[in-house]
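Undergrad:
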Amino acid sequence: MNLASLKDRCTSKNLMSLPITDLFQPFRLGPLELANRIIMGPLTRARAGKGDVQGPLNAEYYAQRASAGLILSEATQISQQGKGYAWTPGIYTDEQVAGWKLSTDAVHKAGGLIYAQLWHVGRISHPSLQENEKLPVSASAIAPQGKAFTETGFVPFVTPRALETDEIAGIVADYAHAARCAKTAGFDGVEVHSANGYLLDQFLRDQTNKRTDRYGGSLENRSRFCLEVMAAVCDVLGSDRVGIRLAPVSAANDISDSDPWGTFSYVVEQLNQFKLAYLHCVEGQTIGPRDIPEGFFVKLRSQFEGVYMANNGYDLELALKARRENLADLICFGRPFIGNPNLVEKLRTGEPLLDAPRETWYGGGAAGYTDWPA
Ligand code: 8OZ
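If you want this note's numbering, it's the position in the sequence shown, counting the first as 1, plus 1.
#1: Taking all protein chains shown into account, do 16 or more other C-beta atoms lie within 10 angstroms of the C-beta of R66, making it buried, or fewer, making it exposed?
#2: Go through the segment 160 to 208 residue by residue and report every complete run of the beta strand (DSSP E) that reaches 3 residues or more, in order.
#3: Taking 6 Å as the cut-off, does the CB of T151 come closer than this to any heavy atom belonging to the ligand 8OZ?
#4: Give the straight-line distance between the Cα atoms of F338 and D258, rounded to the nearest whole angstrom.
#5: Can you say whether S104 is buried or exposed, counting buried as having 16 or more other CB atoms within 10 angstroms of its CB?
#6: Who are the Cβ neighbours of G56 in its own chain at under 7 Å, not counting the five residues just before and after it?
#7: Can you grab the Cα-Cα spacing for the pair P249 / V308, in whole Å?
#8: In chain order, which alpha helix (DSSP H) runs of at least 4 residues are fully inside the segment 247 to 290?
#9: Quick one: what's got a C-beta closer than 8 Å to S13's C-beta in the same chain, skipping five residues either side?
#10: Check whether the Cβ atoms of Y363 and A47 lie closer than 7 Å to each other.
#11: Any idea what DSSP makes of T361, helix, strand or coil?
#12: Flag this pair as yes or no: are the beta carbons of L24 and A278 separated by less than 7 Å?
#13: For a quick check, are the C-beta atoms of Q203 and A140 less than 7 Å apart?
#14: Can at least three beta-carbon pairs, one atom from the segment 144 to 159 and one from the segment 168 to 179, be found at a separation below 8 Å?
#15: Using a Cβ-based criterion (distance less than 6 Å to any ligand heavy atom), does T209 qualify as near the ligand 8OZ?
#16: So is the beta-carbon of T45 under 6 Å away from any non-hydrogen atom of the ligand 8OZ?
#17: To the nearest angstrom, report how far apart F305 and G244 are at their CA atoms.
#18: Name the two residues that bound the continuous alpha helix (DSSP H) containing E318.
#19: A76: beta carbon under 6 Å from a heavy atom of the ligand 8OZ?
#20: Using a Cβ-Cβ cut-off of 7 Å (strictly less than) and excluding sequence neighbours within five positions of F226, which residues of its own chain qualify?
#21: Three or more C-beta pairs closer than 8 Å, one from the segment 127 to 143 and one from the segment 184 to 191: is that the case here?
As C-alpha cells, this is what we get:
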C-alpha cells in the first residue's frame with residue numbers, strides 16, 4: 002500500500018480535504034522544526050578514511066538524504082577504546098571534527114537536520130582495533146559469542162577486561178568531549194547509543210554486568226553509568242538536543258537480561274529527569290524480527306514523558322498505522338534509506354523502493370553508497 006492508493010480509497014469530499022496522515026507533516030523536536038516525522042536511522046556504512054575521519058564522499062551521502070525529517074548519523078566512536086569495527090568514524094579529534102563538518106554543512110545546505118550518534122562498543126571489539134593492541138573493556142570479563150569485523154576480516158571476540166570503578170569517570174568525560182566535538186562539527190544534537198549490546202547496554206543488563214561495585218548489582222547501580230553519561234552530554238548540549246537509543250528486548254551482540262521490563266522501565270523512568278529530545282527504541286531484534294512481548298513498547302512509551310521514536314522493520318503501512326493509532330511520534334527507517342536517498346518522496350508518491358544488496362552495506366567507496374538514483 003502507498004499513500005496514493007490510500008487516497009484513492011477515500012471517496013468522501015470531507016475526507017479528501019483532511020490530511021490522511023501527519024507522517025509527512027512538520028514536527029517540533031526541541032528547538033528544531035523537522036520537515037516530517039520520518040527519521041533516517043543510524044546506519045553503519047564503514048567508509049571512514051585514515052584516522053577514522055569522514056570526508057567529502059560521506060558528506061555527499063548524507064546530503065542526498067537530507068529530506069528526512071532528521072538524519073541520525075552512523076554510530077560514531079567517542080574514543081579509540083570505543084571502536085569495534087573497521088572503518089567506522091570517530092568524533093574526538095580535530096581532524097574528525099573537520100571531516101564531519103563537511104557532512105553537517107552539506108546536510109544543512111540541502112535543508113536537512115542531523116544528529117550525531119555517540120558510540121562506545123565496549124567488549125564488541127578486538128585488540129587489533131584498540132590502541133597498542135589492548136584488550137577491549139566491558140562491565141565484566143565475559144567474552145561475547147561471535148566475531149569482530151576487523152580490517153583483515155572476521156576474528157573471534159576475546160574476553161574483555163572489566164573496567165575499574167575509577168576508570169568510569171574518564172569514559173563519561175570522553176562522552177562529554179565527543180558531545181563538544183559534535184557541537185563544534187555543526188551537528189544539531191546527539192543521540193547516545195545505549196542499545197544493541199554495546200558498552201552502556203553491557204552495564205544495564207544483568208547477563209553482562211556481574212559487578213559488585215556501585216555500577217553493578219541493583220537496577221540503580223546498573224543504570225548509573227548510562228545516567229551519568231546522559232547528564233554529562235545534556236550539560237554540554239542542553240537536554241532538548243539529546244536523545245537516547247535503547248534496544249530492551251534485542252539479543253544483538255550476545256546480550257540478554259533476566260527481566261527486560263524491570264530493567265528498562267526503570268531506566269526510562271530515570272531518563273524522565275532529563276527532559277530529553279526523544280527516546281529511540283529498537284522494537285524487537287536488531288536487524289531482525291519484530292518479536293515483541295505483548296504491549297511492551299506501548300507501556301514503555303507511556304512511561305516516557307517525551308517524544309517516542311520507533312525503529313525496526315518499519316514500512317509505510319506500519320508507519321501509517323503507528324501514527325493512526327498514536328503508537329509513536331517519529332518513525333525511523335534504516336535500510337530503505339540506503340537504496341532510496343529520496344525515501345520520503347517515494348513513500349509519499351508510492352514509487353517502488355530499491356533494495357540495496359547486503360554487499361553494499363559495509364565498506365568500500367561510492368559504489369552502493371552515493372550512486373543510488375534520487
Ligand atoms: C551493524 C553493523 C555494525 C554496527 C548497531 C552500530 O548495531 C551498529 C552496527 C550495526 O547499532
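No residue lacks a Cβ here, since even glycine has one placed at the ideal position from N, Cα and C.
TA: If we stick to the structure as given:
#1: Within the sequence shown, the letter at position 65 stands for residue 66. Within a 10 Å sphere around the beta-carbon of R66 sit 16 or more other beta-carbons, which makes this residue buried.
#2: Within the segment 160 to 208, the runs of beta strand (DSSP E) at least 3 residues long that lie entirely inside it are, in chain order, 190 to 194.
#3: Here residue 151 corresponds to residue number 150 of the sequence shown, with the count starting at 1. T151: no, Cβ never under 6 Å from the ligand 8OZ.
#4: Here residue 338 is taken as the residue at index 337 of the sequence shown, counted from 1. Here residue 258 is taken as the residue at index 257 of the sequence shown, counted from 1. Each residue's Cα considered, the two are about 31 Å apart.
#5: Locating residue 104 in the sequence shown gives position 103, counting from the first residue. Buried, since its Cβ has 16 or more Cβ neighbours within 10 Å.
#6: Counted from its first residue, the sequence shown places residue 56 at position 55. If the five residues before and after G56 are omitted, its C-beta is found closer than 7 Å to the C-beta atoms of G50, G100, L103, all from its own chain and listed in chain order.
#7: Indexing the sequence shown from 1 puts residue 249 at position 248. Indexing the sequence shown from 1 puts residue 308 at position 307. P249 and V308: Cα-Cα distance of roughly 17 Å.
#8: Within the segment 247 to 290, the complete alpha helix (DSSP H) segments at least 4 residues long are 261 to 272, listed from N- to C-terminus.
#9: If you number the sequence shown from 1, residue 13 lands on position 12. Any reading at S13 is ruled out, since the residue's pLDDT is 44, under 50, leaving its predicted position unreliable.
#10: Sequence index remark: in the sequence shown, residue 363 carries index 362 (1-based). Sequence index remark: in the sequence shown, residue 47 carries index 46 (1-based). Against a cut-off of 7 Å, the Cβ pair of A47 and Y363 comes out as a contact.
#11: Translated into the one-based positions of the sequence shown, residue 361 becomes position 360. The three-state secondary structure of T361, taken from DSSP, is helix.
#12: Taking the sequence shown and counting its residues from 1, one reaches residue 24 at position 23. Taking the sequence shown and counting its residues from 1, one reaches residue 278 at position 277. No.
#13: Within the sequence shown, numbered from 1, the residue matching residue 203 stands at position 202. Within the sequence shown, numbered from 1, the residue matching residue 140 stands at position 139. When the beta-carbon positions are compared, Q203 and A140 come within less than 7 Å of each other.
#14: Taking 8 Å as the limit for Cβ pairs, the verdict is that the segment 168 to 179 does not touch the segment 144 to 159.
#15: Numbered from 1 along the sequence shown, position 208 holds the residue referred to as residue 209. Annotation for T209 indicates a beta carbon at 6 Å or more from all heavy atoms of the ligand 8OZ.
#16: By 1-based counting over the sequence shown, the position of residue 45 is 44. Yes.
#17: In the sequence shown, the residue the question calls residue 305 occupies position 304. In the sequence shown, the residue the question calls residue 244 occupies position 243. Whole-angstrom Cα-Cα distance: 12 Å.
#18: Working through the sequence shown from its first residue, we reach residue 318 at position 317. Annotation for E318: the continuous alpha helix (DSSP H) segment containing it runs 317 to 325.
#19: The count along the sequence shown starts at 1 and reaches residue 76 at position 75. Under cutoff, so the answer is yes.
#20: Counting from one through the sequence shown, the residue named residue 226 turns up at place 225. Around F226: I169, L201, F204, Y216.
#21: Under the 8 Å Cβ criterion, the segment 127 to 143 does not count as touching the segment 184 to 191, having fewer than three qualifying pairs.
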